[in-house]
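Below you'll find the structure, written out as structure tokens, and then a few comments.
Protein chains: 2
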Amino acid sequence: MRNLQPDQTMDTRFRLIESASEIFIERGFKEAKIRDIVEQAKTNLAAVNYHFGGKEGLYAAVIQHNAALAIQDMSPAVSEARAPEEQMRLYIRTFLKRLLDDNIQSRMSKLIAREVVEPTAAFNLVVEQFAVPLHKTLNGIMRGILGPNAGEESVRRCSMSIIGQCLYYQRARRAVQRLDPDFSYSPANIERLADHISDFSLGGLRALAQRRAS
Amino acid sequence: MRNLQPDQTMDTRFRLIESASEIFIERGFKEAKIRDIVEQAKTNLAAVNYHFGGKEGLYAAVIQHNAALAIQDMSPAVSEARAPEEQMRLYIRTFLKRLLDDNIQSRMSKLIAREVVEPTAAFNLVVEQFAVPLHKTLNGIMRGILGPNAGEESVRRCSMSIIGQCLYYQRARRAVQRLDPDFSYSPANIERLADHISDFSLGGLRALAQRRAS
DNA sequence: TTGAAATTCAAACAACTGTTTGATACAAAT
DNA sequence: ATTTGTATCAAACAGTTGTTTGAATTTCAA
Chain X
1 MRNLQPDQTM
11 DTRFRLIESA
21 SEIFIERGFK
31 EAKIRDIVEQ
41 AKTNLAAVNY
51 HFGGKEGLYA
61 AVIQHNAALA
71 IQDMSPAVSE
81 ARAPEEQMRL
91 YIRTFLKRLL
101 DDNIQSRMSK
111 LIAREVVEPT
121 AAFNLVVEQF
131 AVPLHKTLNG
141 IMRGILGPNA
151 GEESVRRCSM
161 SIIGQCLYYQ
171 RARRAVQRLD
181 PDFSYSPANI
191 ERLADHISDF
201 SLGGLRALAQ
211 RRAS
Chain L
1001 MRNLQPDQTM
1011 DTRFRLIESA
1021 SEIFIERGFK
1031 EAKIRDIVEQ
1041 AKTNLAAVNY
1051 HFGGKEGLYA
1061 AVIQHNAALA
1071 IQDMSPAVSE
1081 ARAPEEQMRL
1091 YIRTFLKRLL
1101 DDNIQSRMSK
1111 LIAREVVEPT
1121 AAFNLVVEQF
1131 AVPLHKTLNG
1141 IMRGILGPNA
1151 GEESVRRCSM
1161 SIIGQCLYYQ
1171 RARRAVQRLD
1181 PDFSYSPANI
1191 ERLADHISDF
1201 SLGGLRALAQ
1211 RRAS
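Chains as they are written, first to last, in our numbering: chain X, 1 to 214; chain L, 1001 to 1214.
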């Protein structure tokens, strides 16, 4: 049974979750090797099975841990800004930053992105609990721009057009670097990229809204 | 040494390349198991090493073989249509179809898409020889719509916005199905999806072109 | 037909990787 | 101090997977 005193036990658990978070995010569930995780956590190979029952248990703990860290500001994009156009800009900037920066707060977004593109046993949990709400938020913003007459189908496809653009820059990093040698993943350039995706998408949305109006 | 007569040798080589094409495309290089490939090819485990020198050699042969099959109509989008807007529609429809249909002709596009998202040892070859030309074609179309005053950077980002949308529907299939239960990967719906991406992107491009003009 | 080269095959090999084991160390409680 | 439960560790285990081996078979030219 688990012991919550601040002793070595908790330290090992914590160190394991920390290094596992990094390695799962970097390489994905299948390619992440337990031996690499325990080495980085400065503990023994058997520790994963002892504390988490196995690799899958560790992965579940990683999701739970990072969900708790991110839950506070998971969807901050909507409430603050007023016009849906500004909500969208904020949503895109926030999402893209999380996919591409190094913050601990952003880990859950990266885990979700992984599950979306290469599902594991935790797919249903992660999508149901995190991806669906995020998507619903974006759908709401899309509807705000497209207007009340837009069909649900059109709304969802616009959301996916935006998500798709953002994910591309995360998943296809090496190809991006080759196809656009000037491109940099610096914070400043990520801002500029978010602006491009926002401008591009806003143009697309307005065109769709207009077409529907005619 | 290789013998080109139409005997059992060539049959085995051919069957191996065929089943390997399917399995590499379906699961990716790392997850494709030689034992599955040889079983589907109805031959022995050692055949891969005998005929191709190893898994990597087989993968290289798969790329070469499918490149030869697709080379004839790799970039047919540009020449036929006149207006760049129509070129773009055709490009998107063709690319999306190839990513999502079951044609043998489309295999090379799927292999390229895999390399873009999860590079293997063949990344440089594949990107240099196939992805770069495809991208240049699309860049040309983008420039046709954006006008001569658009910066190279803007052109490239628009290309990537389009590619990103298309790749999303291929790579995130399971998430798409969950987030949009009505969505179907039927040929008819793929056409409609291509229309959406085209409309959305055309709106974005026109907005960018206009902003530049002002 | 015969013999050499090419091909196929079952088996073994070797490296990798998640899991289990049994011994040891440590902590807190009686 | 002894006991008990917890934690750590090195080692072994078991399954998977790419590769190699050596014998058997087939092919084909002389």
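Positions of the beta carbon are idealized from the N, C-alpha and C atoms, including for glycine. Just so we're clear, the structure is a prediction, and the values are computed from it rather than from any experiment.
The way I'd put it, the stretch 150 to 162 of chain X does touch the stretch 1169 to 1181 of chain L; three or more beta-carbon pairs between them come closer than 8 angstroms. Tyr1091 (chain L) counts as buried, since at least 16 other C-beta atoms from the protein chains shown sit within 10 angstroms of its C-beta. Taking the C-beta atoms as reference points, Ala131 (chain X) is found no nearer than 9 angstroms to Ala60 (chain X). Ranking X:Ile25, X:Gln64, X:Arg171, X:His196 by CA distance to the CA of Phe14 (chain X) puts X:Gln64 first. At least one CB of chain L lies nearer than 9 angstroms to the CB of Met160 (chain X). The three-state secondary structure of Lys1042 (chain L), taken from DSSP, is coil. Within the stretch 1144 to 1188 of chain L, the runs of alpha helix (DSSP H) that reach at least 4 residues and sit entirely inside it are, in chain order, 1152 to 1171, 1173 to 1179. Between Gly164 (chain X) and Ala1068 (chain L), the CB-CB gap reaches or exceeds 9 angstroms.
Residue state for Gly53 (chain X) is assigned as coil, using DSSP reduced to three classes. For Gly1144 (chain L), the closest alpha carbon among the candidates L:Asp1101, L:Arg1206, L:Tyr1050 is that of L:Arg1206. For the pair Asn124 (chain X) and Arg1082 (chain L), the Cα-to-Cα distance works out to about 46 angstroms. Sequence-distant Cβ neighbours of Leu1016 (chain L) in its own chain, meaning closer than 6 angstroms and more than five residues away, are Ala1041. In this structure, Leu1146 (chain L) lies away from Ile1025 (chain L), with their beta-carbon atoms at least 9 angstroms apart. Within the stretch 172 to 184 of chain X, the residues whose Cβ lies closer than 9 angstroms to any Cβ of chain L are, in chain order, Ala172, Arg174, Ala175, Val176, Arg178, Leu179, Asp180, Asp182, Phe183.
For Arg1114 (chain L), the enclosing alpha helix (DSSP H) begins and ends at 1107 to 1117. The Cβ-Cβ distance between Ala1194 (chain L) and Arg1107 (chain L) does not fall below 9 angstroms. In the structure shown, Lys1030 (chain L) adopts coil according to DSSP, grouped into three states. In the structure shown, Asn103 (chain X) adopts coil according to DSSP, grouped into three states. Interface with chain X (9 angstroms Cβ-Cβ cutoff): Glu1115 (chain L) is included. Counting only the Cα atoms, Leu1058 (chain L) lies some 54 angstroms from Ala213 (chain X). A Cβ of chain X is located within less than 9 angstroms of the beta carbon of Glu1031 (chain L). Counting only Cβ-Cβ distances below 9 angstroms, Ala1131 (chain L) has contacts in chain X at Ala175, Arg178, Leu179, in chain order.
Flagged as an interface residue toward chain L: Phe200 (chain X), by a C-beta distance shorter than 9 angstroms. Here Asp182 (chain X) really is in contact with Glu1153 (chain L); their C-beta atoms are around 7 angstroms apart, less than 8 angstroms.
Within 7 angstroms of the CB of Ile1163 (chain L), the CB atoms of chain X belong to Tyr168, in sequence order along the chain. Residue state for Arg82 (chain X) is assigned as coil, using DSSP reduced to three classes. DSSP places Phe1130 (chain L) outside any alpha helix (DSSP H), giving it a letter other than H or E. Under the 9 angstroms criterion on CB atoms, Phe123 (chain X) is classed as interfacial with respect to chain L. The residues Ile162, in chain order, have a CB closer than 6 angstroms to that of Ser201 (chain X) in the same chain once the five nearest residues on each side in sequence are set aside. For the options L:Ile1197, L:Glu1191, L:Ile1141, L:Glu1018, the alpha carbon positioned closest to that of Ile1104 (chain L) is the one of L:Glu1018. Exclusion of the five residues before and after Asn149 (chain X) leaves Arg212 as the residues of its chain whose Cβ lies within less than 7 angstroms of its Cβ. With 16 or more neighbouring CB atoms inside 10 Å of its own CB, Glu118 (chain X) falls in the buried class. Relative to Tyr185 (chain X), the option among X:Gln170, X:Leu134, X:Thr120 whose CA is nearest is X:Gln170.
By the CB criterion at 9 angstroms, Asp101 (chain X) and Ile190 (chain X) fall inside the cutoff.
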